[in-house]
Structures are given as C-alpha cells and as structure tokens.
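One structure is given here, and the rest of the page talks about it.
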Amino acid sequence: MARDENTMVFVHGLGQDATAWNDVLKVMPDTLTLRVPSLLKSTGTQQLTYQTLYKSFETMCLEYKAPIQLCGLSLGAILSLNYAIDHPERVKSLVLIAPQYRIPKFLFTIQNGVFRILPQKFFKNMGFSKNDTLSLMKSMTHLDFTSRLDAVHMNTWVLCGTKDRANRKAAESLTTLLSNATFKQVSDAGHEVNKDNPLALAAILNSIVCGE
Numbered sequence: 020m021a022r023d024e025n026t027m028v029f030v031h032g033l034g035q036d037a038t039a040w041n042d043v044l045k046v047m048p049d050t051l052t053l054r055v056p057s058l059l060k061s062t063g064t065q066q067l068t069y070q071t072l073y074k075s076f077e078t079m080c081l082e083y084k085a086p087i088q089l090c091g092l093s094l095g096a097i098l099s100l101n102y103a104i105d106h107p108e109r110v111k112s113l114v115l116i117a118p119q120y121r122i123p124k125f126l127f128t129i130q131n132g133v134f135r136i137l138p139q140k141f142f143k144n145m146g147f148s149k150n151d152t153l154s155l156m157k158s159m160t161h162l163d164f165t166s167r168l169d170a171v172h173m174n175t176w177v178l179c180g181t182k183d184r185a186n187r188k189a190a191e192s193l194t195t196l197l198s199n200a201t202f203k204q205v206s207d208a209g210h211e212v213n214k215d216n217p218l219a220l221a222a223i224l225n226s227i228v229c230g231e
C-alpha cells in the first residue's frame, strides 16, 4: 500500500501541542504517513468554541486521503470520535485515549469554576488563553454523542492509563456502547499517556497497525 493511502492522524489534548506525540512517532512504522496537526493554530482568529474547533478539524481531515486512521487523546479523542460519527466511511480505524462521549456536567462545572479563578499565567502552558479555554469548556457542557454511537462501526481501540482513574469509567462504558471496540490499559501512565509512557502506547499502536 502506498504511503499516502495509509495515513494516521495524531490529535493532541487540551494543554498539549503537536510535540506531545514526538516520542510515540519515533517508533511508529515507516509504512505510515503520520499527520500531527496543531489544534492551537486551527481556528485562526475565530472565537474558540468546540463547534469552531471541530469544524476546523473536520475540514483538515477531509483534505487527507481517505480512509484515515485517527488517534486522539482527551479533547483529541472527542474530536476524533465526532469525526468518525460524521464520516464513518472516511475512517479506517479509531484509537481513543481517555475519551469522553458524554460530558460529565457536574465535574465539568466544577473544573470550569476553578479555571475562572486561576491567573492568566496558568494558561500559558495550555496553549489557549484563559478566555479561549473558558469559552471552549462552556461550549462543551452539553456535548453528548450517546445517541449517535451506532454510526461508529470501524475497528476501535479505547485506551486509558492505569493511573487515570478519572477517565477509566467513561472509557470502559464507551467500549461497551461501540459495536466493534476493544479496551486496553496503558501501564504506568496517567491521563497524558503520550507523555507518561510513549513506548508502551507506541507498542499498542504498532500492534494495531500490524493487524492485531
């Protein structure tokens, strides 16, 4: 298969940038065309909401030669799941790391409240400004893909770090709701699996690519 017909897209999480995947990419097979978009640059000057972010992400993915393989973490997993629901015929396989398919409103409200009282400097390492982060989180409060999950019929792997207790329940629940999904834990990793244990994550991804 030609390289441009075997594309894998890695989508980072909130508080990360594209470089968060560097240690994973180093050990991915050279038979893949690797795409690592930056969510921080995708919306340009538009107000940052989930809707504007997703539309930019969708436009970008539609430019890649289909079908693609998607691998997203946290916010990146939500975007990847959303794209797979909207364009199942364009997604060959799906890897969702620490995903949420239905935003836990109570916890999200608390987190949003905490972010509101944090100083601007806290957000420097998150990539988005404080206003953008608050706008994004507010726009995600009612996000719920439950009724649309039957559109996701491609091979799917739902991953979660062994130390990521906050997201494990949602990850396991999503696995049961999808028709063709497998749940795997990544050893010695918290929420940021791509940073905490990139080699273990890469080993799982390589087994997927090689047709486990």
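Throughout, my numbering is defined as the position within the sequence shown, counted from one, plus 19. We treat Cβ as the ideally placed atom computed from N, Cα and C, and that holds for glycine.
Segment limits, beta strand (DSSP E) that includes residue i
| i | result |
| --- | --- |
| ALA282 | Past the boundaries of the shown model lies residue 282; the chain is included only from 20 to 231, so the question cannot be answered. |
| ASN30 | The sequence as given places Val at residue 30; Asn does not occur at that position. Unbroken beta strand (DSSP E) run through VAL30: 26-30. |
| THR175 | 174-180 |
Beta-carbon spacing of residue i, residue j below 8 Å
| i | j | result |
| --- | --- | --- |
| GLY213 | LEU224 | A quick correction: the sequence has Asn, not Gly, at residue 213. Against a cut-off of 8 Å, the Cβ pair of LEU224 and ASN213 comes out as no contact. |
| VAL205 | SER99 | no |
| ALA117 | ASN186 | yes |
| LYS182 | GLY209 | yes |
| ALA37 | SER57 | yes |
| PHE202 | GLU211 | no |
Environment of residue i [buried if 16+ CB atoms lie within 10 Å]
| i | result |
| --- | --- |
| SER75 | buried |
| ILE136 | exposed |
| GLN65 | exposed |
| GLN130 | exposed |
| THR194 | buried |
| LEU72 | buried |
| GLU82 | exposed |
| THR175 | buried |
| VAL133 | exposed |
| GLY180 | buried |
| GLY230 | exposed |
Own chain, CB closer than 7 Å to residue i, minus 5 neighbours either side, in chain order
| i | result |
| --- | --- |
| THR160 | ILE122, LYS124 and PHE127 |
| PRO107 | ALA170, VAL171, HIS172 and MET173 |
| LEU67 | PHE147, ASP151, SER154 and LEU155 |
| LEU33 | SER93, LEU94 and MET145 |
| ASN25 | THR50, LEU51 and THR52 |
8 Å contact criterion, which residue i and residue j should meet: CB distance rounded
| i | j | result |
| --- | --- | --- |
| GLN88 | SER112 | 5 Å |
| LEU178 | LEU196 | Actually they do not touch by this definition, with Cβ atoms about 16 Å apart. |
| ILE97 | GLN70 | At roughly 12 Å, the Cβ-Cβ gap does not stay under 8 Å, so ILE97 and GLN70 are not in contact. |
| ILE104 | PHE164 | 6 Å |
| TYR102 | VAL114 | Between VAL114 and TYR102 the Cβ distance is about 13 Å, and since that is not below 8 Å, they are no contact. |
Residues of its chain near residue i, where Cβ-Cβ distance is below 6 Å and the 5 sequence neighbours each way are ignored
| i | result |
| --- | --- |
| LEU218 | none |
| LEU162 | ILE122 |
| ALA85 | ARG109 |
| VAL43 | ASN213, PRO217, LEU220 and ALA221 |
| VAL55 | PHE29, ALA37 and TRP40 |
Own chain partners of residue i with C-beta closer than 8 Å, once the 5 adjacent residues on each side are dropped
| i | result |
| --- | --- |
| MET47 | MET27, LEU53, ALA221, LEU224, ASN225 and VAL228 |
Residue range of the unbroken alpha helix (DSSP H) whose run includes residue i
| i | result |
| --- | --- |
| LYS74 | 69-82 |
| ILE97 | 94-105 |
| ASN41 | 41-44 |
| LYS214 | 212-215 |
| SER154 | 149-159 |
heavy atom of the ligand MG below 7 Å from residue i C-beta
| i | result |
| --- | --- |
| LYS74 | This structure does not include the ligand MG; it has no bound ligands of any sort. |
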